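Q:
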Amino acid sequence: MDRRNFIKYGATLSSGLAFSSVGLSALSSSGSSEGLNYQQKKLISEYNPLYIPPLLYNPYAKRYRMPTLYVQDTFHEFYPGKKSPATGLSTLQHHCSYFGPTIKVKRGDVVDFSIVNLRQEPVTNHWHGLHIPGRLDGGPHQMIQPGETWNITMPVRQEAATCWYHDHTCGKTAEHVYFGHAGLFLIEDAHSAFLGIPDIYGVNEIPVIVHDKLFNTNFEQIYDLRGGPIFLGDSILVNGTINPYCKVNPGWVRLRILNGANDRHFDFYFKDGRSFYVIAGDGGFLNQPVQIDQLTLYSGERAEIMIDLSQDGGGIIDLMAKTIVVDTSGGDLFVNIMRLAIEDNFELPATLPSRLRKKWINWEEEIKSAPQVISRSFDLSSNSTLTEMYINNKAYDMKVINEFVPRGVHEVWEVKSLRGGHPFHVHGCSFLIMAIDDESPPDEFKGWKDTVVLPLPEPGTPVGKYYTAKILVKFDHTTFRADGTNRNISGLKDQKELRYHFPYMYHCHLLEHEDKGMMGQFIVYDEA
Numbered sequence: 001m002d003r004r005n006f007i008k009y010g011a012t013l014s015s016g017l018a019f020s021s022v023g024l025s026a027l028s029s030s031g032s033s034e035g036l037n038y039q040q041k042k043l044i045s046e047y048n049p050l051y052i053p054p055l056l057y058n059p060y061a062k063r064y065r066m067p068t069l070y071v072q073d074t075f076h077e078f079y080p081g082k083k084s085p086a087t088g089l090s091t092l093q094h095h096c097s098y099f100g101p102t103i104k105v106k107r108g109d110v111v112d113f114s115i116v117n118l119r120q121e122p123v124t125n126h127w128h129g130l131h132i133p134g135r136l137d138g139g140p141h142q143m144i145q146p147g148e149t150w151n152i153t154m155p156v157r158q159e160a161a162t163c164w165y166h167d168h169t170c171g172k173t174a175e176h177v178y179f180g181h182a183g184l185f186l187i188e189d190a191h192s193a194f195l196g197i198p199d200i201y202g203v204n205e206i207p208v209i210v211h212d213k214l215f216n217t218n219f220e221q222i223y224d225l226r227g228g229p230i231f232l233g234d235s236i237l238v239n240g241t242i243n244p245y246c247k248v249n250p251g252w253v254r255l256r257i258l259n260g261a262n263d264r265h266f267d268f269y270f271k272d273g274r275s276f277y278v279i280a281g282d283g284g285f286l287n288q289p290v291q292i293d294q295l296t297l298y299s300g301e302r303a304e305i306m307i308d309l310s311q312d313g314g315g316i317i318d319l320m321a322k323t324i325v326v327d328t329s330g331g332d333l334f335v336n337i338m339r340l341a342i343e344d345n346f347e348l349p350a351t352l353p354s355r356l357r358k359k360w361i362n363w364e365e366e367i368k369s370a371p372q373v374i375s376r377s378f379d380l381s382s383n384s385t386l387t388e389m390y391i392n393n394k395a396y397d398m399k400v401i402n403e404f405v406p407r408g409v410h411e412v413w414e415v416k417s418l419r420g421g422h423p424f425h426v427h428g429c430s431f432l433i434m435a436i437d438d439e440s441p442p443d444e445f446k447g448w449k450d451t452v453v454l455p456l457p458e459p460g461t462p463v464g465k466y467y468t469a470k471i472l473v474k475f476d477h478t479t480f481r482a483d484g485t486n487r488n489i490s491g492l493k494d495q496k497e498l499r500y501h502f503p504y505m506y507h508c509h510l511l512e513h514e515d516k517g518m519m520g521q522f523i524v525y526d527e528a
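Residue numbers (full-length UniProt numbering): 1 to 528.
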């Protein structure tokens, strides 16, 4: 991006517009090869410009309405000139043929959302990672029928984080998310705004939604398990772009990475072996940057990383990943996730702080002071043919409340499985990982999380070994259908029947496992 366009962008931000509602073309010239040298142009000749979802953001108001989101069946060109059936979430300002816009809010905001279902089947819209009451969560009980609108008012009370939103329809989540019902949801706060880290969306702060696809001979995306228990596509995409490249300035660059694949996990690294810094996980910033050279994310997990490109002007670097092969034979597949082309011009002002959090997470002290007994245990399993999935030997039943959890109480939850490889997600909260197989989690996972991964079996592991994880969790909101004032007036404060609640979910975030029953639901109530 040249200095003239950067100044133009800055003027746009300061012009007092009610909404910053812009996409890649307004933020940078990343979609062209302008500013790149001959060698760079040659090295991106077979790559496609990375699509940057439009940004919905009101930087000034505290109480406002977001543009209405329309969930609709669309056609998207994954391959130029080849239309594929897809699902997008559009506004009147932006047509999104795949995925939805990136939504950005500020801590302390109160935001009205309206989501209109223009599809021919019911959908839901779950706010993944948000600390909100059950009535706002968007789980399986909050279906939006065709032609209907879901209207909610959302108070934003949590710290800065990279979250996301996606469909959560019972038995159809995997298919709906795969076809495109998903998008990023970013939260900023007064602290994050002054950290000095890269924060120009689409320029030095890049959204990276990694997912996989299977295409037919007409270049249409198809959802086909091909006889297996999970979905594994044969093409890896970012933001709906096949073989993407992204043009960036030298200096610090921040990648907000979401593993948006149904089932595939990725071990991210850079091809030249350089290290990078993890600055945030699912639920917000780490205490301080963690320097590593490989990062593993399972389905639904997020991480923010920063890379120093100050010495790379005029060059190319590749973000790679090790993942599993399509036939699930146990081998590894090494794939190019995204190519970065670094312009040979000025650096944008940004830095890597030595301390990221205002309120330090004393992980050791939190774990030491945690309850000494396990409050709840969840055993993840399946039948022998992998056609049904269970938690505690039960498949998900919308009519059954599996757990009753008091609000504001610290609990230790244990998750275990004989198979391993399950990302276990809990709605409505962030938690701390206490241990994985009785070992402390790595430093990059010692922050706030909403998903914990049971490790895959290592070669030579004895049959019958349980893989375990322990988390320290507390819920700040309830799942009552009525808000607190109405609930207390009507005398429903202590009611625990399903008809009074929109329950939270806990489940494996391998979406096919979830759809096949590896999910439970729980209510959070106020103790008398």
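C-beta atoms are modelled at their ideal positions from N, C-alpha and C, and glycine is treated no differently. Remember, it's a predicted structure, so these values are computed and weren't measured experimentally.
#1: Report the CB separation of Cys170 from His128 in whole angstroms; it is logged as a contact under 8 Å.
#2: According to the neighbour-count rule (16 or more other Cβ atoms, all chains shown, within 10 Å of its Cβ), is residue 529 buried or exposed?
#3: What does the alpha-carbon distance come out to for the pair Gly81 and Phe75?
#4: Please classify Val415: does DSSP put it in a helix, a strand, or coil?
#5: Note down the Cα distance separating Gln521 from Asn37, rounded to an integer number of angstroms.
#6: Apart from the five residues on each side of it in sequence, which residues of its chain come closer than 6 Å, Cβ to Cβ, to residue 530?
#7: Helix, strand or coil for Gly134? Go by DSSP, reduced to three states.
#8: In the DSSP assignment, what residue or residues form a beta bridge with Cys508?
#9: Are there 16 or more other CB atoms within 10 angstroms of the CB of Ile279, so buried, or fewer, so exposed?
#10: Beta-carbon within less than 8 Å of Ser15's beta-carbon, same chain only, minus the 5 sequence neighbours each way: which residues are those?
#11: Under three-state DSSP, which class holds Arg499?
#12: Check the C-beta distance from Lys62 over to Glu188 and give it rounded, since I have them as a contact under 8 Å.
#13: Where does Glu365 sit, in a helix, a strand or coil, going by DSSP?
#14: CB Gly284 to CB Ala190, shorter than 7 Å?
#15: When you compare only the Cα positions, how much space is there between Val110 and Arg157?
#16: Let me know if Phe99 comes out buried or exposed under the rule of 16 or more other beta-carbons within 10 Å of its beta-carbon.
#17: Using 8 Å as the cut-off, can you tell me whether the segment 165-183 makes contact with the segment 128-142, which would need three or more C-beta pairs spanning the two stretches below that distance?
#18: Using 8 Å for Cβ pairs, my map puts Pro101 next to Thr91. What's the rounded Cβ distance?
#19: Do Ile257 and Leu510 count as a contact pair if the criterion is CB distance below 7 Å?
#20: What's the gap between the Cα of Thr479 and the Cα of Tyr390?
#21: What is the rounded straight-line gap between the Cα of Lys368 and the Cα of Phe431?
#22: Would the segment 236-253 count as touching the segment 341-358 if we require 3 or more Cβ pairs under 8 Å?
#23: If Thr173 sits next to Glu514, beta carbons under 8 Å apart, how far is it from one beta carbon to the other, in whole angstroms?
#24: Would you say Glu444 and Val290 are within 7 Å of each other, going by their C-beta atoms?
#25: With a threshold of 16 other CB atoms inside 10 Å of the CB of Ile317, please say whether the residue is buried or exposed.
#26: So for Ile160, helix, strand or coil by DSSP?
#27: Among Leu286, Glu347 and Leu214, which has the Cα closest to the Cα of Lys359?
#28: Threshold first: 3 residues or longer. Then list the beta strand (DSSP E) segments lying entirely within the segment 227-272, N to C.
#29: Can you determine whether any heavy atom of the ligand GTP sits closer than 6 Å to the C-beta of Leu69, and answer yes or no?
#30: Shortest alpha-carbon distance to Asp332 belongs to which of Asn117, Arg264 and Asp293?
#31: So the candidates are Asp437, Leu380 and Leu69; which of them puts its Cα closest to the Cα of Ile152?
#32: Since Met66 sits in a beta bridge, which residues does DSSP pair it with?
#33: What is the DSSP secondary structure of Asp443, counted as helix, strand or coil?
#34: When you compare the CB positions of Lys399 and Gly281, do they come within less than 7 Å of one another, or not?
#35: Given Glu220, which residues of its chain have a CB within under 6 Å of its CB, disregarding the five upstream and five downstream residues?
#36: Nearest-angstrom Cα distance between Ile523 and Ala482?
A: The answer reads as follows:
#1: Between His128 and Cys170 the Cβ distance is about 16 Å, and since that is not below 8 Å, they are no contact.
#2: One cannot answer for residue 529 here, as it falls past the ends of the chain, which runs 1 to 528.
#3: 11 Å
#4: strand
#5: 55 Å
#6: Any answer about residue 530 is impossible in this case: the structure gives the chain only from 1 up to 528.
#7: DSSP places Gly134 in helix when its eight states are reduced to three.
#8: Phe424
#9: buried
#10: Per-residue confidence for Ser15 stands at a pLDDT of 32, beneath the threshold of 50, marking its modelled position as unreliable; the derived number appears in the next sentence. Cβ within range, chain order: n/a, list empty.
#11: helix
#12: About 13 Å separates the two Cβ atoms, so there is no contact after all.
#13: helix
#14: no
#15: The straight-line gap from Cα to Cα measures roughly 9 Å.
#16: By the 16-neighbour rule on beta-carbons within 10 angstroms, Phe99 is buried.
#17: yes
#18: 7 Å
#19: no
#20: Distance between the alpha carbons of Thr479 and Tyr390: 23 Å.
#21: 15 Å
#22: yes
#23: At roughly 6 Å, the Cβ-Cβ gap stays under 8 Å, so Thr173 and Glu514 are in contact.
#24: yes
#25: buried
#26: The identity of residue 160 in the sequence shown is Ala, whereas the question assumes Ile. Coil.
#27: Leu286
#28: 235-238, 244-248, 252-259 and 266-270
#29: Although the ligand GTP was asked about, the structure shown includes no ligands whatsoever.
#30: Closest in alpha carbon position to Asp332, among Asn117, Arg264 and Asp293, is Arg264.
#31: Leu69
#32: None; Met66 has no bridge partner.
#33: Under the three-state reduction of DSSP output, Asp443 falls in the helix class.
#34: no
#35: Ser84
#36: 13 Å
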